[in-house]
Structure formats: C-alpha cells, structure tokens
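Numbering (the numbering used here), first residue to last: 5 to 183.
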C-alpha cells in the first residue's frame, strides 16, 4: 500500500530501510523529545522488522509508512497511525523527518496524507497527536494540519531522566470533513 502527495510517496517499509531509519534516528536532536533514545543499527533493524510485521496484521492497527520524495526511493522520514485496539476508530498520529529536510513542509504534507487516509479510507472518528511543549516544530505541524490543542499535561511522562509535559492535539471526523 502507498499514499501519494504532490511531492511525496508514503510507502510500506522494506527490509533495507533500517539504514535510513538508523541514519535519521541516531541523531540526538531528532529523538530529543521522544520516549526512546538514539537508535543503534540493531535497534533500527528490529524496528523496521516490527513495522513490516505490523503491516500483515488483521485487523491492522499500525500504519507506519516510509516517507520518500517522488522520483526517489530514499527514505527521508516516517509517518504513521496506531489505532487503539479497544476502539479501532481512534488513532494516534506521528511523524519524523530527516533534519536535513526540515522546513520544507514534508512533515505537514505527509501527515495530511495520513489524516486523509485515516478519515476517508479507515473511517476513523478521532485522530490525536502528542508532543513535548518544548518541541514547537511538532506543535506547529499539528496546528497546520488543523488539529486543535485540547490538553496540556504537566510532568506526565518520564523521558530521559526528567519529567516532561505533553500537549495533546486532536481532530474529529466532522472537523476533517469541514476543512
């Protein structure tokens, strides 16, 4: 399965993508606000293997796609949804883009394609995303998507030896339809 935008292709992961995942997610600044640390080569291989495994599950609850530029097959990031197993019409959205491609709108473009897939194809009711309040880039992407900030949790998660806060952004199916 793949999703296409004007500039991007979001495609299923293949085994060799671990190298690009490692290259991007071994950069400390990329994972600074994420619950995991920099990915080693072994971590990246394991992660990509897990993603490939999720693609075959029924019902599918994890949709994690490699972001590539049209005309090139080089992975420049990833974007995905995880449906809640207890309520398959609700999903969590995420995105990670190579910092060398930052500022080009790729995260927004990829996440817009994921929202379209979520609401138009999967018929989801609600999609939400989270970010650390110290991560304005992620917050800005979710605002550009039309998601509204609906919560701020103070010191609700322990990440990298400190209590961190969380901003929660969300969009409902009728909000997507009204865009």
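Quick reminder that beta carbons are idealized off the backbone N, C-alpha and C, glycines included.
Since this is a predicted model, take the numbers as computed values, not measurements.
Asked                                                                                                     : Found
Three-state secondary structure assigned by DSSP to residue 55                                            : helix
Integer Cβ distance of residue 73 from residue 11, believed to fall under 8 Å                             : 6 Å
Alpha-carbon to alpha-carbon, residue 103 and residue 28                                                  : 8 Å
Residue 23 - containing alpha helix (DSSP H), residue span                                                : 22–29
Residue 145 - containing alpha helix (DSSP H), residue span                                               : 140–148
As assigned by DSSP and simplified to three states, the class of residue 85                               : strand
Residue 157 - DSSP class collapsed to helix/strand/coil                                                   : strand
Cβ neighbour criterion (16 or more within 10 Å) applied to residue 40                                     : exposed
Residue 121 (DSSP reduced to helix, strand or coil)                                                       : helix
Whole-angstrom distance between residue 38 and residue 215, CA atom to CA atom                            : With the chain covering 5 to 183 only, the question about residue 215 has no answer from this structure.
Exposed unless 16 or more other CB atoms sit within 10 angstroms - verdict on residue 22                  : buried
Residue 152 versus 143, 8 and 173, residue with shortest Cα-Cα distance                                   : 173
For residue 82, the nearest candidate out of 156, 75 and 16 (CA to CA)                                    : 16
Spatially closest choice to residue 91 from 57, 106, 75 and 130, by CA coordinates                        : 130
Closest by C-alpha distance to residue 134, when choosing among 124, 117 and 156                          : 156
Counted within 10 angstroms of its Cβ, other Cβ atoms place residue 122 as buried (16 or more) or exposed : buried
Beta-carbon proximity check, residue 19 vs residue 66, cutoff 9 Å                                         : no
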